[in-house]
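Trainee: Numbering (the numbering used here), first residue to last: 1 to 265.
Built from N, CA and C at the ideal position, the CB exists for glycine as well.
These numbers come from a predicted model, not from an experiment.
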């Protein structure tokens, strides 16, 4: 076999019969039964002794940046499979929060940032406005009645009188109950001004609880991550064990300017 310059390249599975003028590099390929020969050396010269007992052959592979000679096919030529024959990975479509109508609380940028935080199964489908204080009045009882089916998730959006936007996501519908309910997918969030998300810590399962007088999201040691009164006029936020959250608003207690609840139909 002729000698080849250092830096030439060889490939074990793709012989090329046409000559190529550019510089090559070398690769090894096991071929039992044949004596090894190193590039640029004939068998028996120094450097081959350590490889005796193994058989190797060399095959020439053109550089990837030059045109392939006739008779050599590029297995990735169609852009569908790589050199190992694996299918090319398809780009995943980013998760998006799709609202069926404009929100009076979230800006387009806020919606774009919040979308990837939701479970992927709940994105790419329209969320519907189930309750709005501007449309339905200020009443927690009315909010409960406006909820979607029990297995539908809920997105609670709040803007206080200091123009701070924040809220909560629940994987189940927000409803009146005698105890805490929900799953570990529940989280709190705040835009101040950038999005901050506070997820379940695993320390307790005080996700959501409420009656006609009070709605609570997150708790522990007498503190609630988010609470709203029955008239939806006042609320509050404190660091809690469930989410290890910061205060969502500028102050621990706030006055509600607007409130929306969104769900899947």
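1) Counting only runs that start and end within the stretch 185-212, where is the beta strand (DSSP E) found for 3 or more residues in a row?
2) Excluding the five sequence neighbours on either side, which residues of its own chain have a C-beta within less than 6 Å of the C-beta of residue 98, listed in chain order?
3) With DSSP collapsed to three states, give me the class of residue 236.
4) Exposed or buried, residue 103, counting other C-beta atoms within 10 Å across all chains shown (16 or more means buried)?
5) Based on the DSSP secondary-structure assignment, which residues constitute the bridge partners of residue 223?
6) Let me confirm a value: residue 179 is counted as buried when at least 16 other C-beta atoms fall within 10 Å, else exposed. Which label applies?
7) Please say whether residue 202 and residue 184 have beta carbons closer to each other than 9 Å?
8) In chain order, what residues of the same chain lie with their CB nearer than 7 Å to the CB of residue 197, ignoring the 5 residues before and after it?
9) Per DSSP, residue 147 forms a beta bridge with which residues?
10) Report the rounded CA-to-CA distance for residue 249 versus residue 153, giving the unit in angstroms.
11) Report yes if the C-beta distance between residue 162 and residue 254 is below 9 Å; otherwise report no.
Mentor: Judging by the given coordinates:
1) 187-191, 195-199, 208-210
2) 126
3) strand
4) buried
5) 220
6) By the neighbour-count rule (16 or more Cβ atoms within 10 Å), residue 179 is not buried but exposed.
7) yes
8) Once the five neighbours on either side are set aside, the close Cβ partners of residue 197 are 117, 187, 189.
9) DSSP, once it has assigned bridges, lists no residue as partnering residue 147.
10) 23 Å
11) Contact flag set, yes.
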